[in-house]
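Here the sequence shown stands for residues -13 to 357, where the numbers follow our numbering. Built from N, CA and C at the ideal position, the CB exists for glycine as well. It should be emphasised that the depicted structure is a prediction, and the values quoted were computed from it without experimental measurement. So the structure is just underneath, and the comments pick up after that.
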Amino acid sequence: MRGTLIRNGTLAAVALAGASAASAQILQALKISRNNQPPPFAFGTKPPPAPVDYARASSWAALPTTRDEADVSPLGVRPGDQTRAPAEVFFIYPTVLMSRTQWNADPRDAALNAKIDATTIRGQASAFNDCCAVYAPRYRQMTLGGYIRWSDGSARATELAYGDVARAFRQFLAWNKGRPFIIAGHSQGSRLGRLLIEREIAGKPIARRMVAAYLIGHWIEADWFRRLGGITPCQRGDDTGCVVTFSTFAQGRDGAAQRRFVAEQSHYAPEAIRRPYVGINPFTWTTSGAVSPKSADLGSWIHGPGAEPAVADVGLVTGRMKDGALYISPPGKRYAALMIPFGNFHNVDYSIAYMNLRENAARRVAAFRGR
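This is how it looks when you write it as structure tokens:
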């Protein structure tokens, strides 16, 4: 298992950093600072932060019964009533911790939690508040540096983070009482969601209640699905029991080349480097390589720094899916400012397709209920 985590975690670093940790030149190009390197001590040298009790509301970044950042929506778009939602979403937020003094986040860190809430909960988890009651646990996520330079410590820190997510999911199921649910995440959250499907859902009765999983900003190889007992990649906009994934890049760039570069530096077997990856175009919900027109973009959205949400940017980009990568046309300055080197739009994977994701989650829930 540890070897699997190391290999998959290295690929996750492609999405997070866009290139290989093994190359000093690439790291310099990525402008990765000293503070974004892993802690200079072995995992386990210091005790990790204490776990939280997921039966307590304070252990969650979002709950349907609390006022939180998952309740927001673009200006002019009405949030759903989560207390009457026909389904629920278990959302796992991405990497926000950037620390060299700890391998894993303290879920009681008020400053870190405020940053998580104002960015990922507001800008990502909120996409599901039309279809679903939103649950997002606070967890002891691994620091970004663990991905930049993957090691045995990274694998162990990932297992610690996963343990929190698994415990939170079991509490979620206790509250859920047999209702349909969605698993959603981004980046590290998608990596942990993937493990959750492998260990807690696939091949078990609760798999029949999974509407879909949105594991965005994380490369997923096609052969992963062979061992999931019927869970498949989503092929259409109304498929259920399937997985949505894509990683966003600027048109003209090569996401697969970045992925291969890291794999080679990590000494992957040649067959692992050449394996196909899955993805779906969120603007058309097709897997073909056809370019979706701007008219298919229902609205890209960045909330903005103020209390008042911004209007969604309708018809902002075109999109083309190839081997797990979504290639988009230039999205304008607000979105381009969040691009990381080598044309990687990892930071706006959700933002760029926000309204399409919002509409699609509701569509899949309706399809699931109408089966």
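Assigned exposure category for residue i - 16 Cβ within 10 Å defines buried
i    : result
E294 : exposed
Q127 : buried
G227 : buried
F27  : exposed
P33  : exposed
P262 : exposed
S281 : exposed
D209 : exposed
T231 : buried
A198 : buried
A100 : exposed
R350 : buried
Spatial neighbours of residue i in its chain, beta-carbon cut-off 7 Å, leaving aside the 5 residues before and after
i    : result
E186 : A152 and F155
L284 : V300, M341, N342 and E345
Y148 : L178 and L181
F29  : W89, G139, R142 and A143
L83  : A91, L98, Q127, T129 and L130
M196 : F167, I169, I187 and G227
W271 : R222, G223 and N346
Contacts around residue i, its chain only, beta-carbon distance under 6 Å, and the 5 residues preceding and following it disregarded
i    : result
V334 : Y321 and L324
G132 : P24, S140 and A143
G305 : N267, F269, S278, L312 and I314
R357 : none
A339 : P268
Between the CA atoms of residue j and residue i - distance to the nearest angstrom
i    : j    : result
I206 : R213 : 13 Å
V120 : G62  : 20 Å
T81  : R245 : 19 Å
P93  : D225 : 35 Å
Q157 : G275 : 40 Å
I192 : G216 : 13 Å
G402 : G318 : One cannot answer for residue 402 here, as it falls past the ends of the chain, which runs -13 to 357.
P123 : A47  : 6 Å
S59  : A160 : 28 Å
Y125 : E145 : 12 Å
A242 : S286 : 24 Å
V277 : V297 : 25 Å
S45  : R108 : 17 Å
G290 : T106 : 12 Å
G164 : R194 : 10 Å
P316 : A104 : 25 Å
R239 : S337 : 20 Å
F114 : I183 : 19 Å
P37  : D95  : 12 Å
I102 : E55  : 10 Å
F354 : V229 : 14 Å
D57  : F77  : 13 Å
P65  : G292 : 18 Å
S176 : N22  : 20 Å
S137 : S85  : 16 Å
D150 : C117 : 25 Å
A236 : I134 : 22 Å
Residue i - partner residues in DSSP beta bridges
i    : result
C228 : A198 and T218
P123 : W46
G171 : I78 and L201
E207 : Y263
D299 : S286
Close-in-space but distant-in-sequence residues of the same chain around residue i (CB under 8 Å, 5 per side omitted)
i    : result
A1   : Interpretation of A1 is limited by its pLDDT of 40, a score under 50 that renders its predicted location unreliable; no figure is taken from the coordinates.
T273 : P219, Q221, V264, G265, I266, N267 and M307
P50  : Q68, T69, A71, E74, A119, V120 and Y121
Short CB-CB distance (under 8 Å) between residue i and chain D
i    : result
Y200 : No chain D is present in this structure, which holds just one protein chain.
At a cut of 8 Å, does the region 60 to 71 reach the region 25 to 41 through at least three beta carbon pairs? With the rule of 3 Cβ pairs closer than 8 Å, the region 60 to 71 does not count as touching the region 25 to 41.
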